[in-house]
Each structure stands twice: as C-alpha cells, then as structure tokens.
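In my numbering, the protein residues as written are 870 to 1069.
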C-alpha cells in the first residue's frame, strides 16, 4: 500500500515527545493512516537516540500503535516540557533597556502556553514585570482589568518608542555627516590693500 511520509521534524529524543506525537497525529489524520501504517510511518520520524531506542526493541514488542505510543512516551518521559502555570507569568520581567515591544512579545509567547490564565491574571503579571517607565506610570494612574485594554494602550507607547528611536537614528546620521565635512575657510585678504596675498 502506498502512503506519504509526513513532513514533520524528526524526533531525536531531546524535545517534548507529546508535541511530536501531536504533530504526527495531525499528519496521520490528514493522510488517513491505518493503525499498522501508523506504526511503520512513525518509525521514519525517528533520529539519533530515538532511532537507537527503536532498534533495540525486541521482536514483536509492538502489537498496535497504542502500544507503540505508550512505549515511546515512557522512554522519553524525561524530555517532556514542563507545563507553565499562571505563576510562571509572574516570573517574566522586562530587562534593562528592553523596548516595551520586545517585552510584550516575550510575555505573550509565555501567556499562550498558559490557556488557563485569566485576563486579570495576565494584567497583574505583566504590570508587575514592567520597568518603572512611562507605561508603568500610566497604568498606575489609570489601572485596567482587561488584558485586551492593556494591549491597546501599550500599542500607543510602543509607537512612541519606535518614533523616538527613529529620530535618534536620524540625528545620529546628521551628527556623523557634520563631523565628516571639513570646515569652510575663506581666503584671507591683504589687510593693507584689500587684495589676496600673493605667494610665490
């Protein structure tokens, strides 16, 4: 029977096995693999430590894909990614000299891994991690309870930071241009006759 090999990243034993199984499961659903085909194709996604582990399995150790899945998860359980919790968001901090835009991107990336986090929790965690700058002072004066509202207000400060950074770049270029230009010198007139000095 012909079947397509899924276009997913090979598993080498160092990344989360649950994520790899999820990617494979999506591909298996797309290509409508049968149980036996799943077992054959799943092996083709292995590399390095995962391939070595499979090669050492005794003959007929796998009777179904469900058994294969269980053995795989058990073998690489130590590589499972620790699930983030709401408390994890309170560890995210804005770094010194880090633009608000970059801090917001890092925070959002972590927040996506905590689907249980409420709007209020995200607002609290994000505000706690902010440096004592203009946006922090704005939130202190006029607090918000919804993260969506915070994002809208943050966008204004991000635009302001971008504009300030662009202006500094332009001013820096102007300063370098001024330093490169030699000063203009007017020829000295003869103080007595009002003529140019003759050199020869």
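Backbone N, C-alpha and C define an ideal beta-carbon position, used for all residues, glycine too.
All figures in this text were calculated on a predicted structure; none of them were measured in a lab.
- One thing to note: residue 933 has its Cβ within 8 Å of the Cβ of residue 904.
- The DSSP-derived three-state label of residue 880 is strand.
- Between the C-alpha atoms of residue 942 and residue 915 there is a straight-line separation of about 13 Å.
- A distance below 8 Å between beta-carbons, with the five flanking residues on each side excluded, links residue 997 to the following residues of its chain, in chain order: 959.
- The Cβ atoms of residue 957 and residue 983 sit closer than 8 Å to each other.
- Rounded to the nearest whole angstrom, the CA to CA distance from residue 920 to residue 977 is 35 Å.
- In terms of Cβ geometry, residue 1027 and residue 940 do not form a close pair [threshold 8 Å].
- Pairing residue 889 with residue 913, the inter-Cα distance amounts to about 13 Å.
- Exclusion of the five residues before and after residue 877 leaves 889, 892, 893, 896, 914 as the residues of its chain whose Cβ lies within less than 8 Å of its Cβ.
- Residue pairing of residue 915 in beta bridges, as defined by DSSP: 880.
- In this chain, residue 983 is not harboured by any alpha helix (DSSP H), its DSSP state being neither H nor E.
- Secondary structure note for residue 896: its alpha helix (DSSP H) is the uninterrupted segment 886 to 900.
- Residues 998 of the same chain have their beta carbon placed closer than 7 Å to that of residue 962, with the five preceding and five following residues left out of the count.
- Per the coordinates, the alpha-carbon of residue 1034 lies some 60 Å from the alpha-carbon of residue 931.
- For residue 1009, the uninterrupted alpha helix (DSSP H) segment begins and ends at 1003 to 1010.
- With distances taken between CA atoms, residue 955 lies nearest to 989 out of 923, 967, 989, 922.
- Ranking 898, 937, 884, 936 by CA distance to the CA of residue 918 puts 884 first.
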